[in-house]
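Just so you know, the protein sequences line up as chains A and B, in that order.
Under our numbering, the first residue of the first sequence carries the number 261, and numbering increases by one thereafter.
Under our numbering, the first residue of the second sequence carries the number 17, and numbering increases by one thereafter.
Positions of the beta carbon are idealized from the N, C-alpha and C atoms, including for glycine.
Being a predicted model, the structure only gives us computed values, none of them experimental.
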Amino acid sequence: MKGFFKKLFGGTSAEKTIPTEIESLGTKAKKASEGVETEPIVTAPLSSEVFVRTENAYYPPQFTFGCAQSNGKQRDHNEDALFSLSTILASDNTNIPFGLFIVADGMGGHQHGEVASSVAIRAMASHVIRKLFVPMYSTNRETPDESLQEILQNGVLEAHQDILKEAAGGGTTLTTALIVGSQLMISHVGDSRAYAIYPDGRIHVITRDHSLVKRLEELGQITSSEAATHPQRNVLYRALGQGEPFEPDVSTYPLPHNGHLLLCSDGLWGVISENDIIEIIRSSTNLQDACHQMVEAANKAGGPDNITVILVRTPE
Amino acid sequence: MGAVYRARDLHFPNVVKRVAVKEMISQVRDPAMRETLVRNFEREANILATLEHPSIPRIYDYFTQNERSYLIEEFIEGKDLEALLSESPGFFLEAQVVQWALELCDVLGFLHDHKPEPIIFRDMKPSNIMINNYDHVMLIDFGIAKTFQTGQKGTMIGTEGYSPPEQYKGEASPLSDVFALGATMHHLLTRRDPRLEAPFSFNERPIRHINPNVSIELEAVINTAIQYNPANRVPSALAMKEALVNTAQPPGAPPQPSQVTDMPKIKEADTASETGKLAWKFECEDEIRGTPVCNNGILFVGSYDYNLYALEAASGQFMWKYATDGGIVSRPSIHEGTIYFGSEDRRLHAIIQRSGKLSWTYYTDGPIRSSPLIAENHIFIGSDDGFMHAVNSMTGRRSWKTDVGSPVRSTPIIFNDFLFFGTEAGDFYCLDLRGQVKWRFKAKRAVTGSAIITQDILFFGSVDATFYALDIKSGFVIWRFRLGKASISTPCLVENFLFTGAIDNVIYCIEKNSAKEVWRFSTEHQVTGSPVIQKDSLYCGSVDGYLYCLEYRTGRLRWKFKTEGPITGSPTACDDNIFFGSTDHRVYALSI
């Protein structure tokens, strides 16, 4: 089959310039031929059976999730905030699962931290819902007039402005995962994290911490063990509600198929290890249970900070 | 928090005396705390009022009313450097930046020498530097404003991007100002805003890498100023001034030619040794605007002289030609010994590769400028008749055609049993393989270039001067990238880099996940063809008549090869050769 596609592109520049595409075309075609039909297609007109292929996956594809939150053992109030939304509209041939998951970790004295995180989450969630969610599910199925990345970008800026208005002096991290179909888009400011977890147990941090200590570590100025205990490990060089306007990190990532997406505040990742996280996901009975176990584990390890976790299961 | 007002001083009723009134609002509710803040403010205002320096605005008065404190100071006519930077289209000239920096060193030296205590500016950055109408610098926004920003659990200290590492620990010395001055100069010379980058990452963006016009000497001085460790920096603002003076050209010397050119300078020797070597050229009877294809050692190329040519790829030796009744502007496709291509004679032609003899032709109702896609034993091709056609590759009989409302000149692409292509009305279609519309996206103007696909994302450019990334399932726009002008070029992708051309003369390199520009390269005329990547080089033609070879990671020019006419089509890379046509009627083969 791969040979067929090679011929198809005539071994020309196309093959060399877009290797990813050829590769995926090749493998996809191979899968299809193993599963469904082996007879070559020869005649016109095209019959409908020929081109409609079934997929061996649960249908319709959907994002299930669990979440959990705790003050931790050493704080008397919660400055973290979370938002989650997963929807599915399955009808005729349109079937685009939608997921919006947000974690914010507020900072700053008085009540400003908790106000900032809550304001930021509301601003971001309502912005995405207004700009994308509502048009997507409207009867005339409008397409949004901004790109998905622009929607996230503007959501971050709106959240920044709202904090300046409603929680002046406060700051917050804001990590948003927007999943539309098979596209995962993440906007990120601060040191909350998004992880991709693959079916084989690999776990990767998708986001880059905007923390001074992380930066010093990247520069080789301090070691990772020094970073873990550094007195300034909570100092961020980028946070919402603080500093000048900036560009948030906004990027698109391939969704880990048949795996998990984890969003959490530093109350989780700064306290328990990636191995602990994987072990808990593996041994738990469901997503909700996994989230509670992660929070438990962080509290058992001292619970120095507020803990927030969202765990999303991604379809095949 | 606060604002700056332009005000008129009514102590002088008969003349218009402008002053700036800076308002600072205290956010602290505790009265004792606020009292301390106001006292700090007044103390600093008093210090400022005693400073006499041409680059420091004069202080006329200050007062406090309720939770607001005001500072009345000299009104400066001019613009801050941040505004100047965003208004200027290109790089500032080195001499200009050095002149500003010299004045900044002067004023920093003055502040650092202040007795009994040195004054640390703490916030050197383009938006705090005004250039007045006489082209002199003025430092505005002294740290005084910051007494009102009480430390919030040390979340953020200093301005992101320009501040040195020690300022994040709450330490500030005269050397912190030296670092921030270096960071500011780096920004002015490279146009890369450090607030958008990770802190202390200047050495990841060497100045001359971004702006080759800057002298090695100046780059060295700035690099010393932005050392991570204060002990390794230029020891003082005055030492910095001395070092800068030494980089400046001797008075009366003519400006270096490199300062006025925008193009990266290429050493003559490099150009000579690395240029693409002409293997052969072949002359047709009219322009070549299409793209050649190489298969089993044979090169196929269509020409405006109505012929499709088969040439030996190694030698350029003529093998056969096949005549149509119209110009051939597209790229042929080859499958199982047959060559398929469209012609402006309205037909899709199927030719036997070995002999050049006709197998079949298929009529559409308009000239064909789209290139064929072969999949599932069918040829998919667009036509100016406004239809997408699916033709059986064996028989040449139509399976279906779908009305898409306007000419299709892009090449369709197939993925997961769906067909994707753009039209001249700006519609981008997703059809299933029975010709039913699955979704449709509307660009503002024509989509003439073709799309490529990776990881379920479609990438293509449009005549509306936008480069789009679309989700393959929904047709939603994931991101948009603004090009200078229209694009009809088909992008190519390597690793995370997307490459495309536009008629603003530029070849762009864009990061595919974040839509950030990695580099751009300007040719002398429109880039209508498509780039191709072979090994670590990018090859792309331009209407200026040159085929360019660039290092694809950096966009640096390796060499360029001159033809006698505009190059509008795309090159093809095959083994160690690059093949392309030019409107000078010739097919070129360069060995690389």
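In DSSP terms, what residue i is bridged to
| i | result |
| --- | --- |
| A/Pro514 | A/Gln443 |
| B/Trp535 | B/Cys525 |
| B/Ala406 | B/Phe396, B/Trp416 |
| A/Ala454 | A/Leu523 |
| A/Asp549 | According to DSSP, A/Asp549 bridges with nothing at all. |
| A/His464 | A/Ala456 |
| B/Tyr604 | B/Lys297, B/Phe596 |
| B/Glu90 | B/Val35 |
| A/Gly570 | In the sequence on display, residue 570 of chain A carries Ile and not Gly. Paired residue(s): A/Cys327, A/Leu523. |
| A/Met396 | Answer by DSSP bridge pairing: none, since A/Met396 is not bridged. |
| B/Phe513 | B/Val510, B/Glu527 |
| B/Lys95 | B/Ile147 |
| B/His365 | B/Phe357, B/Thr377 |
8 Å contact criterion, which residue i and residue j should meet: CB distance rounded
| i | j | result |
| --- | --- | --- |
| A/Gln329 | A/Asp340 | 6 Å |
| B/Ile92 | B/Met146 | 5 Å |
| B/Leu327 | B/Met335 | 6 Å |
| B/Pro180 | B/Ala196 | 7 Å |
| B/Phe357 | B/Pro383 | Between B/Pro383 and B/Phe357 the Cβ distance is about 13 Å, and since that is not below 8 Å, they are no contact. |
| B/Glu301 | B/His601 | 7 Å |
| B/Ser558 | B/Glu580 | That belief does not hold up - the Cβ atoms of B/Ser558 and B/Glu580 are roughly 14 Å apart, past 8 Å. |
| B/Asn521 | B/Val543 | 6 Å |
| B/Glu515 | B/Leu554 | Inspection of the sequence shows that residue 515 of chain B is occupied by Phe rather than by Glu. Going by Cβ atoms, the distance from B/Phe515 to B/Leu554 rounds to 6 Å, so yes, they are a contact pair. |
Residue from the options whose Cα sits closest to the Cα of residue i
| i | options | result |
| --- | --- | --- |
| A/Asp258 | A/Thr574, A/Glu576, A/Asp565 | Since the first and last residues shown for chain A are 261 and 576, residue 258 of chain A lies out of range. |
| A/Leu424 | A/Gln443, A/Ala376, A/Gln409, A/Gly461 | A/Ala376 |
| B/Lys454 | B/Lys141, B/Asp487, B/Gly477 | B/Asp487 |
| A/Phe325 | A/His552, A/Ile567, A/Lys560 | A/His552 |
| A/Leu528 | A/Gly519, A/Ser452, A/Gly430 | A/Ser452 |
| A/Gly450 | A/Leu349, A/Ile362, A/His490, A/Gly562 | A/Ile362 |
| A/Val555 | A/Ser533, A/Pro575, A/Tyr318 | A/Ser533 |
| A/His464 | A/Leu521, A/Thr489, A/Val510, A/His420 | A/Leu521 |
| B/Met404 | B/Thr377, B/Asn393, B/Tyr445, B/Ala391 | B/Tyr445 |
| B/Glu527 | B/Arg536, B/Asn512, B/His541 | B/Asn512 |
| B/Met154 | B/Asn432, B/Gly412, B/Cys121, B/Pro132 | B/Cys121 |
| A/Ala383 | A/His470, A/Leu547, A/Ile411, A/Met396 | A/Ile411 |
| A/Tyr455 | A/Asn535, A/Val440, A/Leu496, A/His337 | A/Asn535 |
| A/Thr467 | A/Ser525, A/Glu406, A/Ala385 | A/Ser525 |
| B/Leu26 | B/Ile88, B/Thr52, B/Ala65 | B/Ile88 |
| B/Gln452 | B/Ala406, B/Val261, B/Asp46 | B/Ala406 |
| A/Thr568 | A/Val531, A/His387, A/Thr574 | A/Val531 |
| A/Arg573 | A/Ser386, A/Leu345, A/Asp336 | A/Leu345 |
| B/Ser192 | B/Ile395, B/Thr240, B/Ile350 | B/Thr240 |
| B/Phe292 | B/Lys131, B/Thr66, B/Leu563, B/Asp591 | The question names Phe, but residue 292 of chain B is Gly in the sequence shown. B/Gly292 has its Cα closest to that of B/Leu563, out of B/Lys131, B/Thr66, B/Leu563, B/Asp591. |
| B/Ala99 | B/Asp341, B/Ala605, B/Pro142 | B/Pro142 |
| B/Val510 | B/Asp560, B/Ala502, B/Ser546, B/Tyr568 | B/Tyr568 |
Short Cβ contact (8 Å threshold) for residue i with residue j
| i | j | result |
| --- | --- | --- |
| B/Gly585 | B/Arg385 | no |
| B/Glu299 | B/Thr599 | no |
| A/Leu438 | A/Leu472 | no |
| B/Val603 | B/Val317 | yes |
| B/Thr200 | B/Tyr178 | yes |
| A/Ile446 | A/Tyr513 | yes |
| B/Phe492 | B/Thr482 | no |
| A/Gly441 | B/Ser490 | yes |
| B/Asn149 | B/Gly94 | yes |
| B/Phe476 | B/Pro428 | no |
Heavy atom of the ligand GTP within 7 Å of residue i beta-carbon
| i | result |
| --- | --- |
| B/Glu103 | This structure lacks the ligand GTP; in fact it carries no ligand of any kind. |
Any C-beta of chain B within less than 8 Å: which residues of the segment 435-455 of chain A qualify? So the list reads Val440, Gly441, Ser442, Gln443, Met445, given in the order they occur along the chain.
Mind listing which residues of the segment 490-503 of chain B have their C-beta closer than 8 Å to chain A's C-betas, in chain order? For chain A, the residues of the segment 490-503 of chain B that bring a beta carbon within less than 8 Å of one of its beta carbons are Ser490, Gly491, Phe492, Val493, Ile494, Trp495, Arg496, in chain order.
Where the segment 516-534 of chain B meets chain A: residues whose CB sits under 7 Å from a CB there: Answer set for the segment 516-534 of chain B: Asn529, Ser530, Ala531.
The segment 408-419 of chain A: positions lying closer than 9 Å to chain B by Cβ: Hits within the stretch, in order: Leu408, Gln409, Glu410.
Note down, in chain order, all residues in the segment 505-525 of chain A with a beta-carbon under 8 Å from any beta-carbon belonging to chain B. Within the segment 505-525 of chain A, Phe506, Glu507, Asp509, Val510, Ser511, Thr512, Tyr513, Pro514 place their CB atoms closer than 8 Å to a CB of chain B, listed in sequence order.
Please identify, using Cβ separations under 8 Å, the residues of the segment 463-482 of chain B that lie next to chain A, in order along the chain. The residues in question are Ile468, Ile469, Thr470, Gln471, Asp472, Ile473.
Beta carbons nearer than 7 Å to chain A: which residues of the segment 213-230 of chain B have them? Those would be Ala214, Pro215, Phe216, in chain order.
Mind checking the segment 535-554 of chain B against chain A and listing, in chain order, the residues whose C-beta falls within less than 7 Å of any C-beta there? The residues in question are Val548, Ile549, Gln550.
Name, going along the chain, the residues of the segment 471-491 of chain A whose beta-carbon falls closer than 8 Å to a beta-carbon of chain B. Answer set for the segment 471-491 of chain A: Leu472, Arg475, Leu476, Glu478, Leu479, Gln481.
Counting only Cβ-Cβ distances shorter than 9 Å, please list the residues of the segment 375-404 of chain A near chain B, keeping chain order. Correct list: Leu392, Met396, Thr403, Pro404.
Between the segment 318-329 of chain A and chain B, which residues of the former have CB atoms less than 8 Å from a CB of the latter, in chain order? From the segment 318-329 of chain A, no residue has a Cβ closer than 8 Å to chain B.
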